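Chains L and Z supply the protein sequences, listed in that same order. Residues in the first sequence are numbered from 2 upward in steps of one, following our numbering. Residues in the second sequence are numbered from 33 upward in steps of one, following our numbering.
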Amino acid sequence: MAVMRYQQAVRLAMTEEMRRDPNVFLLGEEIAQYQGTYRVTEGMLQEFGERRVVDTPISEIGIAGMATGAAMAGLRPVAEFMTWSFALSAMDQLINHAAKITYMSGGRIQCPVVFRGPAGVGTQLSAQHSHSLESWFAHTPGFKVVMPATPADAKGLLKTAIRDNNPIIFMEHAGLYGLSGEVPDDTEFMIPFGQAAVRREGTDISLVAYSRGVQMCLKAAEALAKDNISAEVIDLRTLVPLDMATVVASITKTHRAVVVQEEWRNVGFAAELATRIYEQAFDELDAPVERVAGADVPMPYAKNLERAAIPTDADIVAAAKRALA
Amino acid sequence: MAEVLMPKMGDGMEEGTINVWLKKEGEFVNSGEPIAEVETDKANVEISAYETGTLSRILIQVGQTVPIGTAIAFIGEAPVANASNGSAAPAKPAEAPVAKVEHAPVTAPPVAPVPESTRAAGGRVKASPLARRVAQDLGVDISLVAGTAAGASRIVARDVQAFHAKGGSSAPKTAPAPALASVGGTPTGDGETIKPSKMREAIARRTLQSKQGIPHFYVTMLIEMDRALKMVKNLNADNPEGKITVNDLIVKASALTLQRVPEVNATWTSAGTVYRYADAHIGIAVGIPEGLIIPVIRNCNQKSLRDISSEAKALINKARNNQLKPEEYSGGTFSISNLGMMGVDEFLAIINPPEAAILAIGGISRDPIVLPDSDEIAIRSRMKVTLSADHRVLDGVTAARFLQEFKKILEAPFSLLS
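Right, here's the structure in full:
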């Protein structure tokens, strides 16, 4: 077990998998010579050489297309988007090709590709560069959607992603890259998809989140504890597949839930989550499910406005108290 | 055409008598307008029309008594007279009388004292799904519960639990209560008819329900009481005020035992599940001239022997003076019936529903016994107790375990002072 940052854990997962399997390679903008905009691929060109750590032209549709093609041909590419906001120009390759090729080929062609990069909102990147787009991909059949919340999960889930034979949307959170935590050294440390983690046990209310939302929920749970409210925090880890069993088990205990997402509120992932709770745990609920989400506006640049548009742990505390009122 | 049904106007109402029709057949009535006055066991209440239209047919005449849910009139276009039944179709109880009323508030507005805020337009009760489930499990009629959530506009689980803890219950029963005359005799010899009191009727109804509906079984055990009696004597020597009785010891011992064998502190719910209570609310059967009443000492598991003793005294006094409030004689989770002071050796008690068990206490007698592991004979004070238990909730082994623990506590009674 070593203590490392989230961003280092992502690198460790890729390094271990590239050492293990010569078919794994990286491609993306500025990942080789420049070592990655967020330094995620630091040192990897030096270890693996330019045939396996490939700098690409500034063309997301090109990156996505090349990675999809390489995966169809038998390699296991890990394609980086400098941020997931840039992936919007690759949507045709992602949605129409990567996600569907196994279906379109009658199962004859597999597409073991990982698309990864920083997602999430904040850091004053403004309206075009500060998106949380997970529900766009979770909405599309064919993808698995992975959103780690801790350094250990970043490693364990990325390794599972690289070895999975399906196209994977792997969304890191730029705001979590500096988060430190213990990460297992084991080169076979893998976290299976579709298994949520209970990050904190509680009895009064379930806070359900993923990615940075989990960290906000843990803070909120601390604050609620001061008011003698015992909150359980669930980290979904993967949106597709989605582990409802853990969520339902928690609500069976607490009878109340707050679901948290950073993305826009309207038609977001939290709405899907809340609906499934109503479908699967209706008789357990003692209050309506509370939803905490971003404001339905293009992300403002101005710091004060940005802060107002992004959900916080205080919003989660308030939502929990509404549910318990 | 809409049927007007005999409504359920409050807890425990099973039938109603038409006192007077305020509208005549053929008369036009507006929705909300009173059309009849009904006498229940508690009061005379007006029934209002739920529909607007012509009161086309009166089915139940003044003075007639019918079960709740029975059609008493039609508003709107009347059905063609039922050919096979002839005219003036007599009171035909609906198949599921009570349930039908729940779904068809065709007649009176709800009489239940529920704050308007928890009722949506149309009288629907706003309650969380969990609250509804808990209400069903506890046998609570949710329409009687006041909500506290969302600005007192919604009933949540804690409201139902609080209501139940205060002794509220009486969910709509799925089957009509057994008719009291079901096993009645037809006396022929000399004698006089005594009209039973309301209390006698209630006892008749509840014991009949219990004995017919609950599969009782009985387990008896002998308990040596020498140490317990000595302890009572010592305690009372110390404190002549507020004397502790053997019965107080038994209540406290029951509370401790229920904590050790929580399977007994339970109820079989109308949903077909077992509900296990967190706290022990223990009822003590008190005989009074009118009959019998069971005041309940709440949270016995959290109370000291002295607290239990003084509370028991107060409740028994109130019971004898007919001063008990409803919340003081309902909501029990376990009961004790003690006929020891009447010189009874042992007896079998009828379970007080919806509880799962009742403990019948016999008298203490001084018996010669053979001492264990010797041929010597000694004199010991002994008491026989019999647990009546609901076999749906627990089995013989559990009942025996309960009595073992109970015996252990009374035979080494210092834990009662905790």
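Just so you know, even glycine gets a beta-carbon here, dropped at the ideal spot from N, CA and C. Bear in mind that the values here come from a model prediction, so they are computed numbers and not experimental data.
Keeping to the same chain, check which residues put their C-beta closer than 8 angstroms to that of residue i; ignore five residues upstream and five downstream.
i             : result
residue 146/Z : Low confidence applies to residue 146/Z: its pLDDT is 44, below 50, so where it sits in the model is not reliable, and the reading given next is rough at best. Contacts found: 157, 175, 176, 177 and 178.
residue 195/Z : 172, 176, 177 and 178
residue 333/Z : 287, 288, 290, 291, 311 and 312
residue 331/Z : 311, 312 and 313
residue 249/L : 278, 281, 282 and 285
So if DSSP puts residue i in a beta bridge, which residue, or which two residues, is it bridged to?
i             : result
residue 103/Z : 37/Z
residue 145/L : 169/L
residue 229/Z : Residue 229/Z pairs with nothing; no bridge assigned.
residue 422/Z : 248/Z
residue 5/L   : 182/L
residue 181/Z : 186/Z
residue 318/Z : 325/Z
residue 60/Z  : 86/Z
residue 309/Z : Partner(s): none; residue 309/Z has no beta bridge.
residue 323/L : Beta-bridge pairing links residue 323/L to no other residue.
residue 474/Z : This structure leaves residue 474/Z out entirely; chain Z is present only between 33 and 450.
residue 140/L : None; residue 140/L has no bridge partner.
residue 81/Z  : Beta-bridge pairing links residue 81/Z to no other residue.
residue 416/Z : 254/Z
residue 26/L  : 78/L
residue 171/Z : Residue 171/Z is not bridged to any residue.
residue 198/L : 236/L
What does a CB cutoff of less than 6 angstroms around residue i pick up in its chain, not counting 5 residues either side in sequence?
i             : result
residue 46/L  : 33 and 54
residue 432/Z : 251
residue 95/L  : 65
residue 134/L : 85
residue 170/L : 116, 138, 144 and 146
residue 242/Z : 382, 383 and 385
residue 69/Z  : 51, 52, 76 and 78
residue 83/L  : 30 and 38
residue 97/Z  : 47 and 49
residue 423/Z : 247 and 249
Hey, is residue i's beta-carbon within less than 8 angstroms of any beta-carbon in chain L?
i             : result
residue 177/Z : no
residue 160/Z : yes
residue 203/Z : Note that residue 203/Z scores 46 on pLDDT, short of 50, meaning its location in the model is unreliable; the coordinates nonetheless yield the value given after this. No, no contact with chain L.
residue 306/Z : no
residue 89/Z  : no
residue 310/Z : no
residue 181/Z : yes
residue 184/Z : no
residue 189/Z : yes
residue 167/Z : no
residue 163/Z : yes
residue 171/Z : no
residue 147/Z : Below a pLDDT of 50, predicted positions are generally treated as unreliable, and residue 147/Z, at 46, falls in that range; no measurement from the model is reported.
Can you find a CB in chain Z that lies within less than 8 angstroms of the CB of residue i?
i             : result
residue 326/L : yes
residue 256/L : yes
residue 320/L : no
Under 7 angstroms from any heavy atom of the ligand COA, does the C-beta of residue i make it?
i             : result
residue 168/Z : No copy of the ligand COA appears in this structure; indeed no ligand is present at all.
Short of 7 angstroms in beta carbon distance, which residues of its chain neighbour residue i, apart from the five on each side in sequence? Order them along the chain.
i             : result
residue 302/L : 125 and 127
residue 443/Z : 255, 256 and 259
residue 121/L : 133, 174, 175, 176, 212, 213 and 263
**Request:** Residues of the region 269–288 of chain L with a CB closer than 8 angstroms to any CB of chain Z: list them in chain order, please.
**Result:** Correct list: 283, 284, 285, 286, 287 and 288.
**Request:** Output the residue ranges of the beta strand (DSSP E) runs that lie fully inside the region 226–294 of chain L and measure 3 residues or longer, sorted by chain position.
**Result:** Annotation note: the region 226–294 of chain L contains the following uninterrupted beta strand (DSSP E) runs of length 3 or greater, listed N- to C-terminal: 232–236, 239–241 and 258–265.
**Message:** If we require 3 or more residues per run, which beta strand (DSSP E) segments fall completely within the region 335–363 of chain Z?
**Reply:** Given a length threshold of 3 residues, the region 335–363 of chain Z has no whole run of the beta strand (DSSP E) inside it.
**Request:** Scan the region 361–395 of chain Z and note each continuous beta strand (DSSP E) run of 3 residues or more that stays entirely inside, going in chain order.
**Result:** Within the region 361–395 of chain Z, the complete beta strand (DSSP E) runs of at least 3 residues are 366–370.
**Unbroken stretches of the alpha helix (DSSP H), 4 residues or longer, contained in the region 31–117 of chain L** = Entirely contained in the region 31–117 of chain L, the alpha helix (DSSP H) runs reaching 4 residues are, in chain order, 45–49, 61–73 and 102–105.
**Prompt:** Which ranges does the beta strand (DSSP E) cover as unbroken runs of at least 3 residues, wholly within the region 239–303 of chain Z, from first to last along the chain?
**Reply:** The region 239–303 of chain Z contains these whole beta strand (DSSP E) runs: 248–256 and 298–300.
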